[in-house]
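Enquirer: In the working numbering, the protein residues as written are 1 to 190.
Here's what the structure looks like:
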């Protein structure tokens, strides 16, 4: 089986390929698609589906896409679907983290969840898979590994942030891995 993973992120491609061992994973680069797919959905599920649908309709190939967000209880689920651009369209990870920490400055409720939604277009049908990991938000960025909000997210059962973990350790418990494993089980039973 061959599936296109709707991403240009080489780290994501590597992570997914290591789990979906019975699937030939091709990237957007492999199909010469270099355009940005606008994420105009109001939920992670909508954005994930928008990306997968775009490639499925344009190339008529089986594919899957993901969208991930950090949902913080004190901020009523923010940044959520806007995680990548929380501090504005031209913001970077540091800007986004600074805004989260500023808004949470006096909060004792630091509970948060990382969620990933995967949309699979396969044989003209659409399927969804999700993964999440609960944790808390630290009071300041800690750690040098990872990306995005990793330096302020402490997964449940740990006393270090994702950014303090090796990539291998983080990937064992990550939200994306959980969603990919559900996708893998589905494909193995197909």
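C-beta atoms are modelled at their ideal positions from N, C-alpha and C, and glycine is treated no differently. All values derive from a computational prediction rather than experimental measurement.
Less than 8 Å between C-beta atoms, sequence neighbours within five positions excluded: which residues of the same chain meet that for residue 179?
Expert: Cβ within range, chain order: 66, 116, 117, 118, 129, 130, 131.
Enquirer: In terms of residue numbering, what span does the alpha helix (DSSP H) encompassing residue 56 cover?
Expert: 44-59
Enquirer: Which residues does DSSP pair with residue 71 in a beta bridge?
Expert: 79, 113
Enquirer: On the CB-based measure, 16 or more other CB atoms within 10 Å of its CB, does residue 161 come out buried or exposed?
Expert: buried
Enquirer: Would a C-beta distance cut-off of 8 Å place residue 26 and residue 2 closer than the cut-off?
Expert: Yes. Within cutoff.
Enquirer: What are the start and end residues of each continuous alpha helix (DSSP H) run of 4 or more residues lying completely inside the segment 110-183, in chain order?
Expert: 167-173
Enquirer: Contact between the segment 16-24 and the segment 35-55 is defined here as three or more beta-carbon pairs at a separation below 8 Å; is this criterion met?
Expert: With a cut-off of 8 Å, the segment 35-55 and the segment 16-24 do not count as touching, because too few Cβ pairs lie within range.
Enquirer: For residue 108, which residues does DSSP report across the bridge?
Expert: Residue 108 is not bridged to any residue.
Enquirer: Measure the C-alpha to C-alpha separation of residue 39 and residue 183 and round it to an integer number of angstroms.
Expert: 22 Å
Enquirer: By how many angstroms is the C-alpha of residue 82 removed from the C-alpha of residue 124?
Expert: 29 Å
Enquirer: So residue 49 packs on residue 176, CB below 8 Å; how close in whole Å?
Expert: Rounded, the Cβ-Cβ distance is 17 Å, inconsistent with contact.
Enquirer: Using 8 Å for Cβ pairs, my map puts residue 107 next to residue 74. What's the rounded Cβ distance?
Expert: 4 Å
Enquirer: Pull up the CB-CB distance for residue 62 and residue 149, whole angstroms please, since I reckon it's below 8 Å.
Expert: In fact, because the Cβ distance is near 31 Å, the residues do not count as touching under 8 Å.
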